[in-house]
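To start, the structure under review is shown below, and the notes come after it.
Protein chains in written order, with the numbering used here: chain A, 5 to 693; chain B, 17 to 305.
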């Protein structure tokens with residue numbers, strides 16, 4: 005006979021506000037097989053856990069149900085407590101009466117009834133739970149970092165410096181990411197390239213970092229500790245080992261009119277090109293879409309001039325398989341589309357501002373390139389239309405941030421600071437110029453951040469106008485910016501020579517395809533989701549996968565770097581063990597009934613199932629059956645659902661357990677209660693007869 | 017024959033009778049049957065939603081229900097009526113709690129199948145520009161038109177049938193009829209209609225800016241889709257001359273009047289003489305009348 009303990013949590017007010025927790029405990033105490041039931045304000049706290057341990061000792065409990073929050077939140081906590089009291093942790097289950105009940109219903113009778121039913125079905129399951137032991141697996145002490153921006157660079161360096169091999173995959177021809185495009189950085193105005201490029205060089209020359217640039221992750225198999233990753237190295241058309249990076253090819257390339265991605269279209273590049281002088285690796289790539297040889301079949305100038313004979317038009321995409329134990333996702337961001345319409349139909353563009361129509365209306369990164377010493381104007385602020393110095397410049401904040409009618413609800417977090425920086429860079433280069441900023445709020449919490457903004461306004465004379473801009477018109481030589489100053493309540497018009505849109509961040513278009521390959525979750529904007537917003541900010545819910553930088557949400561450089569180091573330290577913690585424990589929720593085949601149809605083998609997404617031969621002592625084949633490798637199986641249950649002969653069951657989620665849960669709901673009031681409800685709790689605690 | 021329920025709204029039966037007449041004249045020539053709603057009431061325009069948003073949605077819900085038995089598609093011409101009805105309809109479709117409140121107040125069930133449609137959208141999507149082109153007998157060749165949307169027709173995005181900030185639908189439709197829409201800056205600026213009485217001077221300035229922008233872009237005529245915009249842009253020109261010293265003399269008509277003429281309606285059919293600044297001399301000069 006089971007002796008189950010039921011522990012009902014109030015979660016402060018979170019559950020008790022809508023659910024009568026005391027009554028849930030009382031009802032639970034009358035379920036057949038329940039030996040003890042109680043409720044408490046914070047079950048996860050130390051005294052709460054002590055209650056569980058004491059009850060296990062006092063009543064000799066054989067199983068525990070904690071009616072509280074989602075198992076995602078605290079299943080580990082309670083299983084650990086139960087284990088410490090000497091009971092197998094897999095005999096402890098959670099009934100989720102918070103997310104599934106109290107948070108989504110009003111305070112009424114039905115809510116408490118639902119909580120009671122959730123408890124009852126979990127009691128029925130625990131009665132049939134069996135003791136399980138975690139599966140031990142070897143850890144491959146090698147990490148994959150996806151994305152070579154500052155976050156990926158930092159994570160890769162930290163893990164490699166910690167003594168482990170790192171594979172860094174970057175989809176562009178060079179690492180460096182968006183940070184390499186920036187001019188100077190807030191709040192210290194140090195040159196972005198000066199602080200980043202040494203790190204890029206470190207990555208390029210690190211003995212434990214294997215760099216795949218111009219490459220993308222094609223396929224991810226396996227699980228925590230043992231991932232098998234296929235990397236597609238896109239055809240560069242240049243043999244990176246022969247090439248010396250002399251640059252002769254891009255000097256002579258006749259196709260010169262391609263807008264440079266790195267300079268955001270403010271300068272042109274050639275078809276064979278090194279994206280920027282400090283690139284790592286400093287090796288060119290042929291852009292086959294624009295190359296004259298690849299489009300028209302004639303040219304080959306680069307091959308003729310290359311002194312090293314490195315140009316190879318026959319190169320094809322190459323697939324490399326890498327074995328790693330952990331993955332850091334550092335895929336970064338892209339700019340919000342300030343054009344008329346972007347890649348996502350659910351988010352509207354900004355046609356009213358005329359970006360892309362008028363050359364003197366720039367996005368934030370374009371202005372960075374203008375202000376950069378290595379940029380198209382050598383760091384001079386000049387109008388793209390006529391090369392004149394703008395004497396009046398208007399910055400518009402929140403373009404793609406906090407704009408519900410465009411479909412964007414979040415704050416991009418970095419634009420307040422970079423706009424303040426832009427006004428300063430402008431003032432430092434155009435002394436007699438005037439900068440105007442249209443803003444909604446100034447958000448500058450961060451070390452030395454608000455001081456920086458005050459400096460822009462008070463010392464450098466930027467005029468901040470609180471309000472949004474409705475429209476920008478071209479009137480002859482100038483741009484008319486029509487907006488509102490909501491502090492004075494007046495409509496304002498500013499004549500400007502140049503307008504800069506403080507463009508927000510969005511995830512890289514199509515990044516969800518990578519996230520799906522990795523099996524990690526993401527939100528409605530396609531930002532990757534962390535396992536817990538406060539307590540597990542650098543881990544994904546999928547074990548062994550970590551997050552660094554803006555892939556998770558808008559971040560500035562200090563934050564991205566801090567998170568990257570956090571992710572790296574999590575990887576290093578993992579690598580400090582030779583083997584790790586995995587949940588023993590795995591599939592099990594009943595060899596007596598298995599008919600060897602192999603459907604399970606076909607559907608298993610993890611290739612965890614193989615064919616096993618059963619032989620007698622003389623070695624004669626008796627039959628073939630399916631066999632599950634418990635160190636690969638993730639317990640997804642696909643095989644159990646597919647099996648025709650009902651021979652596959654999932655440990656911890658057997659058919660018997662699930663059916664008994666359902667039956668407990670069907671059989672309400674029939675046979676489940678040991679005795680009728682007399683409604684007399686003893687100090688919130690009750691014992692079954 | 018395409019059949020739609022038709023909600024004219026108060027303006028089209030009074031100050032904007034030319035909008036109503038030209039719409040019917042045009043629809044008849046395009047093979048579009050417009051069946052006027054029976055027993056319709058005012059949409060509540062601007063006072064209702066400021067007074068009581070649920071009541072405002074209730075009026076729209078009543079109007080939407082009147083279409084039952086005729087068509088699930090209601091053609092609306094006035095920008096304010098369209099705005100009110102479409103907004104109420106979309107909000108009820110998206111927000112169940114709001115819908116329950118409105119239904120409880122009016123005692124009328126909201127039919128989620130019903131769609132408020134602006135006539136421009138019907139021409140563009142249902143009829144199609146190719147079919148429209150076929151019906152054109154007098155192409156508006158050489159007529160440089162400034163298409164004016166004002167504030168209500170395309171915004172907020174919840175009601176939009178084209179890009180809410182950079183719509184091109186009116187240009188598309190008029191271009192199909194042979195006109196030459198000009199590229200101008202003030203297509204979506206507010207004409208200040210709701211401040212006509214308390215802040216007349218501000219309105220004069222706004223209208224003046226709009227007319228200057230249209231004129232500078234080379235427009236000979238302004239096409240609009242809102243009775244209040246039309247009245248404001250048309251009737252203020254004399255006052256602008258007196259108070260601001262700027263002479264305009266720019267005719268302001270409805271897009272349905274221009275299309276009606278292009279499809280063979282007479283000036284009388286579309287009541288072209290109703291405007292304060294007459295469009296007749298221009299249209300005669302272009303051999304369109």
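Using N, Cα and C, we set each Cβ at its ideal position, and we do this for glycine too.
Treat the numbers as computed from the prediction; the structure is a model and nothing was measured.
Nearest neighbour of residue i, chosen from the options [CA to CA]
i                     : options                       : result
residue 207 (chain A) : A:118, A:294 and A:169        : A:169
residue 302 (chain B) : B:140, B:154 and B:60         : B:154
residue 303 (chain A) : A:258, A:272 and A:156        : A:258
residue 596 (chain A) : A:586, A:197 and A:616        : A:616
residue 638 (chain A) : A:441, A:611, A:89 and A:448  : A:611
residue 182 (chain A) : A:228, A:598 and A:204        : A:204
residue 69 (chain A)  : A:61, A:58, A:83 and A:76     : A:83
residue 587 (chain A) : A:280, A:554, A:559 and A:139 : A:139
residue 3 (chain B)   : B:127, B:30 and B:99          : An answer regarding residue 3 (chain B) cannot be provided, because it is not within the stretch 17 to 305 covered by chain B.
residue 217 (chain A) : A:238, A:224, A:231 and A:228 : A:238
DSSP state of residue i mapped onto helix, strand, coil
i                     : result
residue 116 (chain A) : helix
residue 219 (chain A) : strand
residue 67 (chain A)  : strand
residue 650 (chain A) : coil
residue 396 (chain A) : strand
residue 302 (chain B) : coil
residue 134 (chain B) : strand
residue 536 (chain A) : strand
residue 190 (chain A) : coil
residue 247 (chain A) : coil
residue 18 (chain B)  : strand
residue 28 (chain B)  : helix
residue 578 (chain A) : helix
residue 100 (chain B) : helix
residue 240 (chain A) : coil
residue 340 (chain A) : coil
residue 221 (chain B) : helix
residue 470 (chain A) : strand
residue 677 (chain A) : Only weak support is given to the placement of residue 677 (chain A): the predicted model assigns it a pLDDT of 47, under 50, and the value that follows is read from those uncertain coordinates. Residue 677 (chain A): strand per DSSP, three-state reduction.
residue 46 (chain A)  : coil
Own chain, CB closer than 7 Å to residue i, minus 5 neighbours either side, in chain order
i                     : result
residue 344 (chain A) : 353 and 355
residue 197 (chain B) : 161, 163, 187, 190 and 191
residue 24 (chain A)  : 116
residue 556 (chain A) : 531, 532 and 534
residue 17 (chain B)  : 47 and 49
residue 209 (chain B) : 244, 245 and 248
residue 47 (chain A)  : 11, 13, 70 and 72
Own chain residues within Cβ distance below 6 Å of residue i, not counting five before or after
i                     : result
residue 256 (chain B) : 220, 224 and 262
residue 431 (chain A) : 464
residue 45 (chain A)  : 14
residue 26 (chain B)  : 58
residue 188 (chain A) : 195
Beta-carbon proximity check, residue i vs residue j, cutoff 9 Å
i                     : j                     : result
residue 493 (chain A) : residue 472 (chain A) : no
residue 76 (chain B)  : residue 286 (chain B) : no
residue 201 (chain A) : residue 289 (chain A) : no
residue 152 (chain B) : residue 242 (chain B) : no
residue 202 (chain B) : residue 230 (chain B) : yes
residue 628 (chain A) : residue 591 (chain A) : no
residue 384 (chain A) : residue 433 (chain A) : yes
residue 608 (chain A) : residue 647 (chain A) : no
residue 174 (chain B) : residue 117 (chain B) : no
residue 317 (chain A) : residue 264 (chain A) : no
residue 508 (chain A) : residue 598 (chain A) : no
Those residues which DSSP pairs with residue i across a bridge
i                     : result
residue 345 (chain A) : A:352
residue 319 (chain A) : Bridge partners of residue 319 (chain A): none, in fact.
residue 160 (chain B) : B:196
Same chain only: Cβ atoms within 8 Å of residue i, ignoring 5 sequence neighbours per side
i                     : result
residue 296 (chain B) : 283, 288, 289 and 305
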